[in-house]
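Residue numbers (our numbering), protein chains in the order written: chain A, 1248 to 1539; chain B, 14 to 337. Remarks on the structure that follows.
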């Protein structure tokens, strides 16, 4: 029973990772850039959600949508200002810029509002304990899981059934050829950033509701773990990011349950290194031969 | 004649370095500089060692490693254990720190150096975090509250290590091995096709780089009264990375200059940590947008004084490609 209880906790946590990982994977799939600032978009989403609940007195769902919108715009802005001029630069230059943007958002946030943490009001979502065949499941984790699954289904729909999704898949397959076929590559990349950042913003609000405490540096560790999740599933592959996120959440909860809670953060990175060594293309990835 | 001139340059730089050493020694022992400035000079020197050791890995070999704080931490803790828990002399403790970091570099380097570019960066970042979390969970080294270390670092020790680091890495760069490393940076596939054992050279550069990072760790540890795992988070790795990137990937003097300048800036901004990080990150972004090759590109400071001498090691007329 204890095991299944932990499994459920792990899945709730994992669905948050999965939401962030989707943004990583989409951006990497299309511009081959590890967007380090993605974890900070997640943080911004958490704060927008917090302020819209406490200051604007919005209920949960409007706050979630507001946070997603703000994050989408924020993500597009980051892309336009910092990443677009580097489209043809070396990979290292792009990676360093991403690190710079990430630090800038973190410390800019601290500069603007101070480093003190905030506590999400506990009453945004109904908090009841549901007795499910002898298991105690909080209604919040069910809510979180439900929202995440809904967003992921929505994302699958966008990517596979809409015009912009088709353009995204085309650009990620071959940007040059897509351009020749009349696809506006810049707009497609902006849309990718917008969608990915909106998901990160949603994850931020959900994280805040689930863990209560938010602070300006909260994006770093979940961001890195979401990246691990993306690599675990095979970076650039959307179902891979979902499975990777859920798997990572479950692994972490089980490690905590076994009494190694202090090692929890370390386990994610050990998983990462093992995956990189033994299956660098991830669980769902195909081995690609390098072009010379 | 050319050979003599080369030697002359070498002895000139050694001579001026020694002169600098003597001047600072007089300033320090004469009590002319107050402890704040003395400490700033120590920090500058330690940062130069770190920057130069990372320069060998990133700038010369083109392996994008962002877990350098991990090696710093291994060196710091190993040397602290040797000097404090085992009561061995300081020199031995420093050497132990360097060797421990080199072993860590070997263990990490062999499997992860098969990865390229972004993946290597993430794997090394993960390694740095694993080291930090391990230290956090080891009671022998004090866990999160850290380890008491006595203040043993003195100017002669720091200067000696600094000089040793620069000479070794400079000579390594100009040797056959260094050339092989540069060829790996330029194009790994081509280097491999030309019969260079890329894994061997990458691991070699990695181990040497981590050895010196470990020595810097020993100096760093004994410069304060306490070391804690939180000193070695990846912000520290980024600090070191920024030295190398700003100075110019592939330029040792660039790394040195950037380490000096940025350490001075951050010493004076110590009371405003947010402002310091905002300036750092803005500089990083603007630099990458407008001058991605860094301040010095791949040039060395000595190349400004030479007229028609062919390129020294680490230079390839600013067109090197580190995308790997």
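Using N, Cα and C, we set each Cβ at its ideal position, and we do this for glycine too.
Proximity test, Cβ basis, 8 Å: residue i and chain A
i, result
"residue 328/B", "With a pLDDT of 46 at residue 328/B, under the threshold of 50, the predicted position of this residue should be treated as unreliable, though the coordinate-derived value follows. Closer than 8 Å: no."
"residue 150/B", "yes"
"residue 314/B", "no"
"residue 287/B", "yes"
"residue 307/B", "no"
"residue 118/B", "no"
"residue 231/B", "no"
"residue 195/B", "no"
"residue 73/B", "no"
"residue 258/B", "yes"
"residue 37/B", "no"
"residue 335/B", "Caution is warranted here: a pLDDT of 43 is assigned to residue 335/B, below 50, making its placement in the model unreliable, and the coordinate value is therefore given only provisionally. So, interface residue."
"residue 208/B", "no"
"residue 332/B", "With a pLDDT of 44 at residue 332/B, under the threshold of 50, the predicted position of this residue should be treated as unreliable, and no value is reported."
"residue 225/B", "no"
"residue 77/B", "yes"
"residue 245/B", "no"
"residue 251/B", "yes"
Where the beta strand (DSSP E) containing residue i begins and where it ends
i, result
"residue 1382/A", "1382 to 1385"
Classification of residue i by the beta-carbon crowding that lies within 10 angstroms, buried from 16 upward
i, result
"residue 96/B", "buried"
"residue 1387/A", "buried"
"residue 28/B", "exposed"
"residue 170/B", "buried"
"residue 1508/A", "exposed"
"residue 1463/A", "buried"
"residue 1450/A", "buried"
"residue 25/B", "exposed"
"residue 306/B", "buried"
"residue 1255/A", "buried"
"residue 249/B", "buried"
"residue 1340/A", "buried"
"residue 225/B", "buried"
"residue 337/B", "Because residue 337/B carries a pLDDT of 39, less than 50, the predicted location of this residue cannot be relied on, and the following value inherits that uncertainty. By the neighbour-count rule (16 or more Cβ atoms within 10 Å), residue 337/B is buried."
Within chain B, partners of residue i - CB distance below 8 Å
i, result
"residue 1474/A", "135"
"residue 1358/A", "287, 288, 291"
"residue 1408/A", "Result: empty, since nearest Cβ-Cβ is about 30 Å, beyond 8 Å."
Cross-chain neighbours of residue i in chain D, by beta carbon under 9 Å
i, result
"residue 294/B", "This model lacks chain D altogether, as its protein chains are A and B."
Contact set between residue i and chain B, taken where Cβ atoms lie within less than 7 Å
i, result
"residue 1517/A", "143"
"residue 1527/A", "128, 132"
"residue 1329/A", "298"
"residue 1332/A", "302"
Host alpha helix (DSSP H) of residue i (start-end)
i, result
"residue 49/B", "48 to 67"
"residue 1434/A", "1432 to 1458"
"residue 1523/A", "1511 to 1525"
"residue 1412/A", "1410 to 1420"
"residue 282/B", "Note, residue 282/B: premise wrong, no alpha helix (DSSP H); not H, not E."
"residue 1486/A", "1485 to 1504"
"residue 289/B", "286 to 303"
"residue 233/B", "211 to 234"
"residue 1469/A", "1467 to 1480"
"residue 313/B", "Element bounds for residue 313/B: n/a, residue is neither H nor E."
"residue 1329/A", "Segment: none, residue 1329/A is in no alpha helix (DSSP H) and carries neither H nor E."
Cutoff 8 Å: residue i Cβ touching any chain B Cβ
i, result
"residue 1342/A", "yes"
"residue 1429/A", "no"
"residue 1509/A", "yes"
"residue 1336/A", "yes"
"residue 1442/A", "no"
"residue 1451/A", "no"
"residue 1436/A", "no"
"residue 1490/A", "no"
Within chain A, the residues that residue i reaches when beta carbons sit closer than 9 Å
i, result
"residue 125/B", "1520, 1523, 1524"
"residue 70/B", "Chain A residues near residue 70/B: none, gap ~13 Å exceeds 9 Å."
"residue 147/B", "1510, 1513"
Interface residues of chain B facing residue i [CB-CB closer than 9 Å]
i, result
"residue 1276/A", "Neighbours of residue 1276/A on chain B: none; closest Cβ ~13 Å, over 9 Å."
"residue 1281/A", "131, 134, 135"
"residue 1485/A", "Neighbours of residue 1485/A on chain B: none; closest Cβ ~19 Å, over 9 Å."
Proximal chain A residues relative to residue i, where beta-carbon distance stays under 7 Å
i, result
"residue 139/B", "1516, 1519, 1520"
Proximity test, residue i beta-carbon vs the ligand NAD heavy atom, cut-off 7 Å
i, result
"residue 79/B", "Although the ligand NAD was asked about, the structure shown includes no ligands whatsoever."
Could you name each continuous alpha helix (DSSP H) segment of 4 residues or more that falls completely within the region 72 to 141 of chain B, going from the start of the chain to the end?
-> 81 to 93, 103 to 125
Enumerate, from N- to C-terminal direction, the unbroken alpha helix (DSSP H) stretches of 4 or more residues contained entirely within the region 144 to 188 of chain B.
-> Whole alpha helix (DSSP H) segments, 4+ residues: 168 to 187.
Return the chain-ordered ranges of every alpha helix (DSSP H) run that is complete within the region 1338 to 1404 of chain A and spans a minimum of 4 residues.
-> 1338 to 1360
If you scan the region 1248 to 1314 of chain A from start to end, which runs of the alpha helix (DSSP H) of 4 or more residues do you find wholly inside it?
-> 1249 to 1278, 1285 to 1301
Ranges of the beta strand (DSSP E) found wholly within the region 248 to 280 of chain B, counting only runs of at least 3 = none
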